[in-house]
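Scroll down for the structure; my scribbles are underneath it.
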Amino acid sequence: MRRTDRETTREEAWRIFDQSAYSVLSMSYRNRPYATALSVARIDETLYFHCARDGEKIRAMRENPNVCLHSVARMENCAEGFTVYYASCTIRGIAQEVVDEEERHRALLALCRTFIPQSMDMAEQEIRDLRSVTAVWSITVQGITGKRNAEK
Numbered sequence: 205m206r207r208t209d210r211e212t213t214r215e216e217a218w219r220i221f222d223q224s225a226y227s228v229l230s231m232s233y234r235n236r237p238y239a240t241a242l243s244v245a246r247i248d249e250t251l252y253f254h255c256a257r258d259g260e261k262i263r264a265m266r267e268n269p270n271v272c273l274h275s276v277a278r279m280e281n282c283a284e285g286f287t288v289y290y291a292s293c294t295i296r297g298i299a300q301e302v303v304d305e306e307e308r309h310r311a312l313l314a315l316c317r318t319f320i321p322q323s324m325d326m327a328e329q330e331i332r333d334l335r336s337v338t339a340v341w342s343i344t345v346q347g348i349t350g351k352r353n354a355e356k
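In structure tokens form, the structure reads like this:
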């Protein structure tokens with residue numbers, strides 16, 4: 205990282221990830237860049253997301269499972285200083301489809317807990333109802349970095 209004065213600790217990078225509303229997954233498909241926004245849940249240092257069973261993202265990850273995920277937890281323009289205050293993290297890892305039913309179930313519950321904790325009483329039924337049309341993918345994290353430009 206060029207601006208080492210803005211680099212965060214690994215722990216702070218994970219906090220930034222946990223506070224972000226969504227992430228952008230970047231990959232390479234047919235030797236071209238491809239990126240898409242995702243809702244991602246974390247269990248320890250493994251990330252999970254759900255999606256359709258087919259599509260460009262799926263084909264890209266099958267062709268090249270090396271991915272990069274970028275999350276922003278804070279962004280605030282500061283006109284007086286001609287700057288932006290922000291907190292972001294970048295994660296590099298390997299994507300793979302989750303085929304083990306127990307892991308799929310844990311991942312889907314984690315997504316529900318992360319994004320709709322107020323509806324956990326309906327989560328099990330929703331997971332059962334959408335099981336046949338929902339794919340679950342994991343990202344095994346190989347590295348995480350965080351960066352912050354905080355108000356002085």
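In this note's numbering, the protein residues as written are 205 to 356. A virtual CB, placed ideally from N, CA and C, is assigned to each residue, including glycine.
For residue i, which residues from the same chain have a beta carbon less than 7 Å from its beta carbon, with the 5 sequence-adjacent residues on both sides left out?
i: T318; result: A245
Let me check understanding here. Comparing Cα to Cα, which of the options lies closest to residue i?
i: Y226; options: R296, R352, L315 and R332; result: L315
i: V302; options: S275, R335, A327 and Q322; result: R335
i: Y238; options: A256, T213 and V271; result: V271
i: D304; options: I247, V340 and S275; result: V340
i: I247; options: S275, R207, E307 and T208; result: E307
i: S176; options: R214, S275 and N235; result: There is no way to answer for residue 176, as the model of the chain reaches only from 205 to 356.
Would you mind stating whether residue i and residue j have Cβ atoms separated by less than 7 Å?
i: L251; j: I348; result: no
i: E249; j: V345; result: yes
i: T299; j: M265; result: It is Ala, not Thr, that sits at residue 299 in the sequence shown. Yes, Cβ-Cβ distance for A299 and M265 is below 7 Å.
Less than 6 Å between C-beta atoms, sequence neighbours within five positions excluded: which residues of the same chain meet that for residue i?
i: L273; result: S227, L229 and I295
i: A277; result: I220, Q223, S224 and A291
i: N268; result: S232
i: C255; result: A339
i: A241; result: Y226 and V228
i: N353; result: R210, Y289 and Y290
i: E280; result: Y289
In terms of residue numbering, what span does the alpha helix (DSSP H) encompassing residue i cover?
i: A217; result: R214 to Q223
i: Q329; result: M324 to L334
i: R263; result: E260 to E267
Terminal residues of the continuous beta strand (DSSP E) containing residue i?
i: A314; result: From DSSP, A314 is part of no beta strand (DSSP E) but of the alpha helix (DSSP H) over E305 to F319.
i: E400; result: Any answer about residue 400 is impossible in this case: the structure gives the chain only from 205 up to 356.
i: Y252; result: T250 to C255
i: T344; result: A339 to N353
i: V228; result: S227 to Y233
i: T240; result: R236 to L242
i: R206; result: Premise fails: R206 is in no beta strand (DSSP E) and is neither H nor E.
Please return the same chain residues whose Cβ sits closer than 8 Å to the Cβ of residue i, not counting the five positions on each side in sequence.
i: V337; result: A256 and R257
Original post:
Counting Cβ pairs closer than 8 Å, one from the segment 257-266 and one from the segment 305-324, do we hit at least three?
Top reply: no
Original post:
Do three or more CB pairs link the segment 277-291 to the segment 324-339 at distances below 8 Å?
Top reply: no
Subject >> Sufficient close CB pairs (3 or more, under 8 Å) joining the segment 206-223 to the segment 289-301 >> reply: yes
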